[in-house]
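Quick note on numbering that gives the first Met the number 0: the sequence shown kicks off at 0 and runs consecutively.
Don't be surprised by glycine CBs; every beta carbon is placed ideally from N, CA and C.
To keep things clear, I will list the structure first and then write my remarks on it.
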Amino acid sequence: MATHKLLLLPGDGIGPEVMAEVKRLIGWLKAEGIATFETEEGLVGGAAYDAHKVSISEADMAKAKAADAVIFGAVGGPKWDGVPYEARPEAGLLRLRKDLGLFANLRPAVCYPALADASSLKREAVEGLDIMIVRELTGGVYFGEPKTITDLGNGQKRAIDTQVYDTYEIERIARVAFDLAKKRRNKVTSMEKRNVMKSGVLWNEVVTQVHKREYPDVTLEHQLADSGGMMLVKWPKQFDVIVTDNLFGDMLSDIAAMLTGSLGMLPSASLGETDAKSGKRKALYEPVHGSAPDIAGKGLANPIAMLASFGMALRYSFDMGALADKLDAAIAAVLASGLRTADIKSEGTTSASTTQMGEAILKELQKLHA
């Protein structure tokens, strides 16, 4: 049985608490001989700044590059609001994405039947929701140059962020979206702002060309990103796979997250290019909920997004799709039983701590795997 190398980066806030539930799952997989993982731990974000005065050390970056996958918790908190910009906690995550070449961010938004009433939308709008947002992650306005603040004198300053995309960047993210759609409901919606942005014009043109040349059997729709955000709230089930740039992907994926009732429910995967020789790709998996410093250390955090992120690692890095399906089913079964962490608690359900929720999901997985 192959041994898979994992780097665990719990980070800040609730990161270590939810990561503990992944460690429990990894321990069970090892003990049962289902899968073998060799794990190392490192520091990122505020934890790394406290120890090394950087958001991630060179030693931990080297571990990340050597790993088959990075499992990431969360970073940030008010404690580090005053640190230098280049050492802010979020810079560690941005460096991991850039240095590992993680250009494709996969953000599923799935509404479990037991949580349909937790959404701010009506049940009929979200029940059965299952969409995937594919966000370009290493280009666009977050990384474009120049990126400056200039003092113009007379009390005036000018801030510049630059939106830049090359053809190859759009082509490769489009291929990820089309390939995913072929395994789902065979529909891609590309979102940009071609009406006011030149990068949107190119994005639309390149996605159309890739579709015509390589994926004519997949349905392709184009939508302006602002109206796309509106339609996500109006009738989200019309979408299957949405592909978009870094900035719009950041916003649209958070909108989609709240359709499901809680950010604590949703995982993500960030994938690099597939190596032609090994067939492997660099990858980082993380929940989308952030560090939630206000509840850190209280046992209130929801570990589902963290566990589901590890499930995405099983699916996309380790070819264990059947096991990932069982983990998803275990999560759904526990939710159907009425167990809830504080973020998704409602009348008539049973309160659970972070550890109790993790234990219940593992117990259900054990039943499904028996």
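In the same chain as E40, and ignoring 5 residues on each side of it, the C-beta atoms closer than 6 Å to its own belong to L7, in chain order. In the DSSP assignment, V333 falls within the unbroken alpha helix (DSSP H) covering 320-335.
A34 carries a coil assignment under DSSP once its states are collapsed to helix, strand and coil. Residue ranges of uninterrupted alpha helix (DSSP H) with 4 or more members, entirely inside the stretch 156-195 and ordered along the chain, are 166-181. Here I241 is bridged, per DSSP, to I132, T188.
Using a Cβ distance threshold of 7 Å, V242 and A180 do not count as a contacting pair.
By the C-beta density criterion, V109 is buried, having at least 16 other C-beta atoms within 10 angstroms. A Cβ-Cβ contact shorter than 7 Å links Y111 with A331.
Residue environment for D116: exposed (fewer than 16 other C-beta atoms within 10 angstroms of its C-beta). Every unbroken stretch of the beta strand (DSSP E) spanning 3 or more residues and falling wholly within the stretch 248-329 is given here in chain order: 266-273, 280-286.
Nearest to H221 by C-alpha distance, out of N245, K197, R193, L24, is R193. Non-local beta-carbon contacts of A256 in its own chain, meaning distances under 7 Å to residues more than five positions away in sequence, involve A108, L262, L265, V287 in chain order. Burial check for G278: the Cβ neighbour count within 10 Å stays below 16, so the residue is exposed. For A50, there is no enclosing beta strand (DSSP E); the residue is found in the alpha helix (DSSP H) stretching over 45-51.
By the C-beta density criterion, A68 is buried, having at least 16 other C-beta atoms within 10 angstroms. Take the alpha-carbon of Y141 and the one of S336: they are about 42 Å apart. E16 and G248 have their C-alpha atoms some 28 Å from each other.
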